[in-house]
Each structure stands twice: as structure tokens, then as C-alpha cells.
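Residue numbers (the numbering used here), protein chains in the order written: chain X, 4 to 244; chain Z, 4 to 244; chain A, 4 to 244; chain U, 4 to 244. C-beta atoms are modelled at their ideal positions from N, C-alpha and C, and glycine is treated no differently.
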């Protein structure tokens, strides 16, 4: 299981409070959680500044089963070529886990085909994350609800297509609700969107949030060898034994 | 459009406060709302005591396009023969709208195949009903959110199969969430479950709740003439022109 | 109900057999069918060559409730600005009906987020279109199966996201199957993909295909006034009554 | 991984040709395939005649993670008490794999809530099983299509609720199609219906059919410890940390 944790990594450079909260970066906090829970996984991190390709060269993607993506204030800094490459790799089977404000990342918008807009309010409200599909492997070991004492509010309408599976619904102290854990299939690739997690709160240190992410990585591993769906023009009876 | 509003009608007989709140019965309040919003519909009501068949004879069902069902403390008083008859009629195409505590009605449990259990708390909390599928015709003219000042809390996990469409999600003052508006298909019939509505609160007089119910009735009208799906044993090329 | 039928309109100009088969163009054949079945609808047509905006100016789109789209050999001739405009309008609520080879149109690929690839073989095989969701309004009056004597084969894997509703599945004489009628929601807009229909066969004169398209137009009309989902940043209790 | 393969086991007793085709019974053939592909699983079999409880005592069910079910001519011989027990166990999380003619088993009808009727024709037609969701773990290692030279035809309309995931669609030589591999969730339990497999054909010796069943068993293992969803009446802030 080869995992790449990607983070734009900008907040940590420009905001001391965030740098203090996430001393190894948001990617570092996420990778730390995965390392503890998935001891057999090979986990690397990359950021916007890793190299000219944001650490997401074709070689890296070819060596990645599941990619996690966090971004917020630098979505437009991500090169279109890299987004195209990630897109093709997801359609070919690579798992993708889209985190919090990455709802507005280029890759997520391209995969969804919608605006991906939502309501938000950053007042540190309590978020409760309720499981609504307990048969789903992403819920393994997850409390009902997860209690996150302080979080940015994300509220409906979240403009995305209907998910394959709605796994979690959150409520916030102010009364808004949000479909906070959803799975999608695009091509041969599995996609999981999970909203808890923000630069202003230490959410990626929360043990239950870490468990969800580890579960999601295991779930998102490709079912097959990776291959892009393509056009074929078969003769009649091509499949005959 | 021929509509039958069914209510067990027991609370109104044994609790003076409820009788005062719903002087024409819960069924009467619902029918009044539908009559105002669907002037071309033919609307009748029936209760457990209407007759030996609870007002749901085969003739009545054959003359019904959409049935609304409210029950709470007398689910087990509904005769199995009537439940069977309603079940067959839904599978043949009759629309069914299942209201609030009717999550535990015999007909709903039979259609769902699950326990239909949930969490509840009756402390008159504010319920907010959020639209999460604005393309759905049931949301026409509905505010986001509907605000219901006092309601019984219904919370997840609501043990039902995944719906065809998740239309509404509610939050309650205490922080719980609930999938409060869901559509299902069973056989040729359309089913809508809508949780707002309780004997202890005047929810069925709420203009927005009434609008949802009227929209749901229009949506649930059978697409075709009504016929039960059945087994066939066709020869090859039976469909040839 | 304001309907715009769009066709690239290139085959008819360069292939005499096709021009003879569709003397009013593919768009003309479709519009003729809709006009007969939806006498109260206002129906217009447009093609790639109608004007610099392919007949899809903002004014035309603002005056369109449902857009039908046919294309095949000129997908790349459609201007990106027009595609962007159509995309925004769909997300805001305009219905979109995507026909046959338009699975590879820019607008459909953008809405789906996948390759939209499939298998094909053009040998005039018989196609049988089977209804698998008879409760859906698009199936009203539709035979089970629709028999199309000669058609291009489209086969799985059709690389699109899971639909909201799978309405039709086709088989072909050669044994392939195809999910030939599927609904999707994108933003506030309803999308229906329907595969029967090809320049080499007179499929758009088939009475049952025409009925499906008329049903789909009625189904795809926006539920509300048209408005693009957007970001909001509401204060707490903004919804309080 | 504890697996129980259940078969009514009647055909094998009364029809010499079937007994010869399936010398260890249909259950034996299925168990043999699972044993080869899931060497770490503990696999037992049971039939209608195993004991008064058809080999499905509470102890056996409590010791079963995934149950496979085959039945055809003796559905009504299965005791209602056993069906109730299996139902409760599925809702609590036990996986259930429903095979071929068990579409009319009491347990499947109860879980679906519909008639589960379909079209059929027993003329040994070729069945092609096409994968339409290649991201699903049940498709791991499965050819596209699976070719089954001789099978009973099962055709649409198959009257079941919309599945969680449509994994396979079959076509038959006569032109009919069938949703032949579908997943459902009921309570905490995962259910997979798979239609290939019949007493008159040696389908359960087909290597690809065996692979599908092994994949399905792995997929259906409960995500959590097994517990029936139940009603709760929590006080406010019961979840507070």
C-alpha cells in the first residue's frame, strides 16, 4: 500500500499560529496518523513547493495507490498539467481522498463536474460527525458521533453529485448540517471526500479523524491493476471461448 | 389525482391536548393542507375505526393514486390483511407517503426490510430541515431551511436501506441529525418518508410542511396504469415485431 | 416549456445518405417528434453553424428550460466559451438531454468528470431497450422492450459515474449490453443520457424513441427558478424566524 | 472468516441428472470453490435436512460471518423461525449472498420488500456477464465478460429495489438482459445477489463464477462486531466528552 499525502503547504509558511499548530505541516500531521495506524503502508508527503511538479511527477503517481489532497488558498497555483495527470491516474484506479477545503481544488471540481460550493462560517463551532452507513468499511472503529470541539462550519447546500455512499453527516453548533463523508467512483478510481480538518484547528490530531483517514486509505486501494478505461471497437464474438 | 389520508386516529381520542391541537384529527389537518394546495385532487380520509378494514377496502385502494400514512401507538392494531393489500397496491404503482412515527408501521417495515429503528427525544427542540437535492420536485417552493420551532427529535442511526434520493436532512437543537426526507421505489410504486410531524406539536399546520406534502403527492402519482410486477416465461423472440 | 434542440449538423452536409435519411437534419427529426408529443412546448433548433455562438447565445440559454444535444464528428469545433455557458446554465437548473454519440461531447465529459469511453461496433445490429425502473416518469408509455431493428452497438464498460437512476438497459444482437438510459443531477440541473440514435439509422423517427425524448423533456424541466449554487458565509441564526 | 453455505438440497435427491452434475450437492460445489480460493476461511455447509433448524441454529449463525443461500423448489419448506433468525442476523451485520433462484427465497423477499419476480426461460442459452463497476472489489480478477455457455435465462423486469451498487449486467442469447450482480445494505449487513448458477447447468464449477463468489464473501464480512440497530432515547448532550 503506497500512500502519498499532498498538501499545498502555504498556510504553515505564512501564519505562525498555524505553523505552531502543525509543526510538521498539515501533511506531516496526516502522515503521522496514517503511519501509526497503517504500519505496513509506505507513506510519503509532497507539497506545492516540493519541486516544479509539486512532488507529483508521473513516477510518483505511478508509485501511488492512494493520494490524499489538502488545499485551501493556493488551488490556482497547482499546475493544470499536474491536475490532468492526477485526473488520469484516478480514472485508471488510484484512490483519492479529498480533504476539507480541497472541495474547491481543481482536481475535485473536475471529478465532480459541479461548482462544489457550500456555506461556511469560521467561529470554532462544535462539529458532530454521525455515521449513517455503519456497514461501510470506512466506519470501522468510529464512534457515533465523533465529537470535534472546534471546527469551521461547512453547511449545505454542498453542490456535488449524489455520492455512491453517504457515510457521515455532520451537524454544527449553529444548526447547519453537512454531508461530511461521501464516496464517489470516477473511472476505476475510488474517491472519498471528508470535510473535518482545517488549518485553524488541530483536527488532524484527533484520534477518530485519523482512524477515518486510515480506513479510507484501505478502502480506496485499487481493486485491480491500474488501467484507464478506453474506447474499443471489437468484432462480433470477440469474447467467444 | 385521488388521495387517501390515513391516520390511526387514536391519540385524538384519548388525549384532550392532542384533540384540541388537531380538532379534525391529524388526518384532517393533513387533508386540509392538501386540499388548499392541490385544488384538483380528490382527497378522502380514513382511520383505524372507519370500518373493519380501517377504511382501506380494496375498492378504496383501487380508487387511490397516493396514500398518506400516519400511525404511532396502534401499529399493531392494523390488520395484517390490510397491510398485505396496501403492500400489493404499492408494488403495483400506488404512491405512499409515510409520516413521522409511521417509520414503525407494519407497511413501512415490510417495504424496507429493516428494523426502521432510530433515536428519539421528546423535548420540543427546534428542527431545521435542509434541502440537499434542490433538483427534486419535492423541494419546489421550499425554504432552506424549514424552521420548525418545536419538534420531537429523531436521530441517526435511522435503520433503513439507502434511499433513491436523499432530499432533506434535519438537525435538532441538541445536535442530532436525521435523514428526514427520502424517496424509495418498491415495485412500480414511489415511496416518500418525511419525518417532521408529531401529535404533540402543530407541525401539520406549518405552511412549509404542507407544501412538502403536496409536492410529494404530485411526485408520487403512478407513472403508468397500476399493475403488479409478475413472473413471465416468454419464448424466444416473443418481442419480435 | 421552452426547448432547444442542438445538433452539430455536420453529417447532413457531407454525406448524401445521411442527408436523405434526415432531410430536416437530425435536429429537425428530433424537433418534429417533440412538437407532435408536446404541443404546448416552444421548440427551437440550433446547430454549429447557426451563428458564431452555435445558436447558443446567453439569450437563447436564458430562454431554454431543456436543451437536447447531439454531436459526433465535430465535438472539438464547439467553442469552449459556449460549453462553459451551457455548463453554468445546467448547474443553475436547465435540463440537459445528451444523445448517443454526444457521450464524447465537451459538455458531457465536463459534467461527468470521467472519460465517457465505451465499446462500439457499427454493423446495424438489433438493439433491445429494456426498462428497469418502471416507476420513472421517463418510462411512461414505453414498451418493454423497445425494438430497434438496426443500430450501432454501444457496449460496456461505459465510463461514467453511477447514475441517479438507471432507467434503461440495452442489449445488442452481438451480445453486448449498455446502460442506455441514465439520469444524473449536476447542480440544480437534471441530465438524461439516452444512447439510441445514430446518423446511419433512422432511429429518431422511431415512435418509441420519440416518446422517450418527450418524456425526458417533461422530466428535465427545472423544479425551481434557475439559480447557480453559490458560496455563502452566513452568520449564526441567519435563518431564525 | 467463517462461512456457511446453505442449500435446500432437494434437487440432488430427486433428480439423478442433477445428482450426477453436483455429486457433493450444489452446496458442496460452492464450498469446494470457496475452499480453494479462500484458504484461510472456515467453511461449513448446511441443508434443509441437516436438522430441525435446517442446520441454521442460533449457534451456527452466531459463528457465521457470511452466509450463502441457494434454494429453488423448497422455499416454503424453510421454517419461518429460521428465516426470522437469519433476518435478524443479517440486520446485525452478517453478510448474505443470495444465489440464482433464491431470488424467491423467504429471506430475500423479506429483505427486499418487493415481489422479486422476473422473467425466465430454461433453454440453455449463452449468458454473458458484463462488469459495469470495475472499482468494486467483487470484480477483482473477473473477465469482461464472463462467458457461461449454457444457462437459464433470467430477464428484466427484476422487481427489486435499486441496489447500492450495480456490479454486473448479463445478456442472454435470446436478447434479454438482467442485473445479475447487485449489492444491497440492510441494517448493518451487506447483501449480494448473484444470478448465475442453476441446478441444470454446471455453473458452480465455472472458475470465474467461483472467483466472484470468493470475492463476494471477502467483501461481505461485517465491518464491525455484529449488533442489531436499535431504538435509543438519549438525553441531550449524551455524547459530550
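Beta-carbon spacing of residue i, residue j below 9 Å
| i | j | result |
| --- | --- | --- |
| residue 73/A | residue 10/A | yes |
| residue 179/A | residue 151/A | no |
| residue 142/X | residue 69/X | no |
| residue 157/X | residue 175/X | yes |
| residue 101/U | residue 149/U | no |
| residue 20/Z | residue 203/Z | yes |
| residue 17/X | residue 80/X | no |
| residue 163/U | residue 115/U | yes |
| residue 144/A | residue 227/Z | yes |
| residue 136/Z | residue 235/A | no |
| residue 167/A | residue 167/Z | yes |
| residue 38/U | residue 46/U | yes |
| residue 173/X | residue 198/X | yes |
| residue 127/Z | residue 154/Z | yes |
| residue 171/X | residue 206/X | no |
| residue 5/A | residue 32/A | no |
| residue 58/Z | residue 48/Z | yes |
| residue 41/Z | residue 77/Z | no |
| residue 118/X | residue 110/X | no |
| residue 160/Z | residue 232/U | yes |
| residue 106/A | residue 94/A | no |
| residue 103/A | residue 75/A | yes |
| residue 98/U | residue 230/U | no |
| residue 192/X | residue 225/X | yes |
Where residue i meets chain Z, residues with beta-carbon distance less than 9 Å
| i | result |
| --- | --- |
| residue 219/A | Residues of chain Z passing the Cβ test: none, with the nearest at roughly 13 Å. |
| residue 122/U | 234, 235, 236, 237 |
| residue 70/U | Correct list: empty, because the minimum Cβ distance to chain Z is about 16 Å. |
As assigned by DSSP and simplified to three states, the class of residue i
| i | result |
| --- | --- |
| residue 100/A | strand |
| residue 114/A | helix |
| residue 189/Z | strand |
| residue 239/A | coil |
| residue 8/Z | strand |
| residue 234/Z | coil |
| residue 13/A | coil |
Contacts of residue i in chain A (Cβ-Cβ under 7 Å)
| i | result |
| --- | --- |
| residue 192/Z | 138 |
| residue 182/U | 135 |
| residue 165/X | 167, 188 |
Where residue i meets chain X, residues with beta-carbon distance less than 8 Å
| i | result |
| --- | --- |
| residue 225/A | Correct list: empty, because the minimum Cβ distance to chain X is about 15 Å. |
| residue 148/U | 242 |
| residue 186/A | Neighbours of residue 186/A on chain X: none; closest Cβ ~10 Å, over 8 Å. |
| residue 231/A | 118 |
Residues bridged to residue i [DSSP beta-bridge criterion]
| i | result |
| --- | --- |
| residue 109/X | Paired residue(s): none; residue 109/X is not in a bridge. |
| residue 93/A | Note: residue 93/A sits in no beta bridge, so no partner. |
Under 9 Å by beta carbon: chain X residues contacting residue i
| i | result |
| --- | --- |
| residue 142/U | 226, 227 |
Under 7 Å from the C-beta of residue i: neighbouring residues of chain X
| i | result |
| --- | --- |
| residue 2/Z | Outside the modelled stretch of chain Z, which goes from 4 to 244, sits residue 2/Z, for which no answer is possible. |
| residue 178/Z | 131, 174 |
| residue 114/A | 116 |
Cross-chain neighbours of residue i in chain A, by beta carbon under 8 Å
| i | result |
| --- | --- |
| residue 63/X | In chain order: nothing, as chain A lies at least about 22 Å away. |
| residue 134/U | 159, 160 |
Short CB-CB distance (under 9 Å) between residue i and chain C
| i | result |
| --- | --- |
| residue 88/U | The structure shown contains no chain C; its protein chains are X, Z, A and U. |
Listed by chain order, chain A residues near residue i by CB distance under 9 Å
| i | result |
| --- | --- |
| residue 42/X | Within chain A, no residue comes near residue 42/X; the closest Cβ sits about 34 Å away, beyond 9 Å. |
Contact set between residue i and chain U, taken where Cβ atoms lie within less than 9 Å
| i | result |
| --- | --- |
| residue 59/Z | Here the premise fails: no neighbours, minimum Cβ distance about 19 Å. |
Cross-chain neighbours of residue i in chain Z, by beta carbon under 8 Å
| i | result |
| --- | --- |
| residue 94/U | 117, 118, 162 |
Please specify which runs of the beta strand (DSSP E), each continuous and at least 3 residues long, are wholly inside the region 26-88 of chain Z, giving them in chain order.
45-50, 69-73
Please give me, in chain order, every unbroken run of the beta strand (DSSP E) with length at least 3 that falls completely inside the region 122-186 of chain U.
122-134, 149-158, 168-175
Length-filtered (3 minimum) beta strand (DSSP E) runs lying within the region 196-228 of chain X
none
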